[in-house]
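Enquirer: Here's a structure for you.
Numbering (our numbering), first residue to last: 4 to 158.
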């Protein structure tokens with residue numbers, strides 16, 4: 004039978020300090036900020052970043068910011084995103100999609116989070132010919148259309 008000793012006052016104080024510090028970091032942690040062509044994009048579902056550095060974004064929020072139209076067919080779970088002459092068709096849970104009528108395989112299947120369709124950030128880049136980058140250090144996702152200059156950083 005194992006006997007446990009009561010925690011000393013110093014041990015209890017140290018444990019409390021560590022727990023409060025971790026809780027403060029978790030409470031103050033912010034989801035990644037999405038910026039498209041220099042404008043902040045708001046969504047009720049934040050982007051998701053995984054431990055292996057994969058980034059998923061809500062497709063409608065990004066598509067709207069890029070001037071695209073998004074249509075969801077609820078019965079078939081099919082999503083169409085149309086931007087000028089570009090057309091992306093995908094289906095929830097499927098890695099198969101079409102871009103301008105040509106078949107393509109996604110790196111990960113689209114999924115739903117609180118009613119929003121999440122797609123890999125790399126798909127946004129590939130489908131719409133934009134540059135997309137996730138800066139983990141700054142907690143920032145930046146999407147730039149061709150011909151749009153990046154704003155200079157403030158010091």
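All C-beta atoms, glycine included, are put in the ideal place defined by N, C-alpha and C.
Is it buried or exposed, residue 16, if we count other Cβ atoms within 10 angstroms and call 16 or more buried?
Expert: Residue 16 comes out exposed.
Enquirer: By alpha-carbon positions, which one of 55, 117, 65 ends up nearest to residue 145?
Expert: Ranking 55, 117, 65 by Cα distance to residue 145 puts 65 first.
Enquirer: Rounded to whole angstroms, how far is the Cβ of residue 57 from the Cβ of residue 149, which I believe are closer than 8 Å?
Expert: About 24 Å; that fails the 8 Å criterion.
Enquirer: Between the alpha carbons of residue 138 and residue 12, how many angstroms are there, rounded?
Expert: If I take the Cα positions, the gap works out to 42 Å.
Enquirer: What's the gap between the Cα of residue 136 and the Cα of residue 77?
Expert: Answer to the nearest angstrom: the Cα atoms are 30 Å apart.
Enquirer: Jot down the residue ranges of each uninterrupted alpha helix (DSSP H) in the region 67-142, minimum 4 residues, whole runs only, in chain order.
Expert: As far as the region 67-142 is concerned, its whole alpha helix (DSSP H) runs of at least 4 residues are 124-131.
Enquirer: In three-state DSSP terms, what is residue 28?
Expert: Here residue 28 scores only 49 on pLDDT, less than 50, and its place in the model should not be relied on; the value that follows carries that caveat. The answer is helix: DSSP assigns residue 28 an H, G or I state.
Enquirer: Between residue 98 and residue 80, how many whole angstroms is the CB-CB distance? I'm expecting something under 8 Å.
Expert: No, residue 98 and residue 80 are not in contact; Cβ-Cβ is about 14 Å, not under 8 Å.
Enquirer: How big is the Cα-Cα spacing for residue 48 and residue 82?
Expert: When rounded, the distance between both Cα atoms is 18 Å.
Enquirer: Alpha carbon to alpha carbon, what distance is there between residue 60 and residue 37?
Expert: One C-alpha to the other measures close to 9 Å.
Enquirer: Which one of 119, 117, 88 has the shortest CA to CA distance from residue 130?
Expert: That would be 88, whose Cα lies nearest to the Cα of residue 130.
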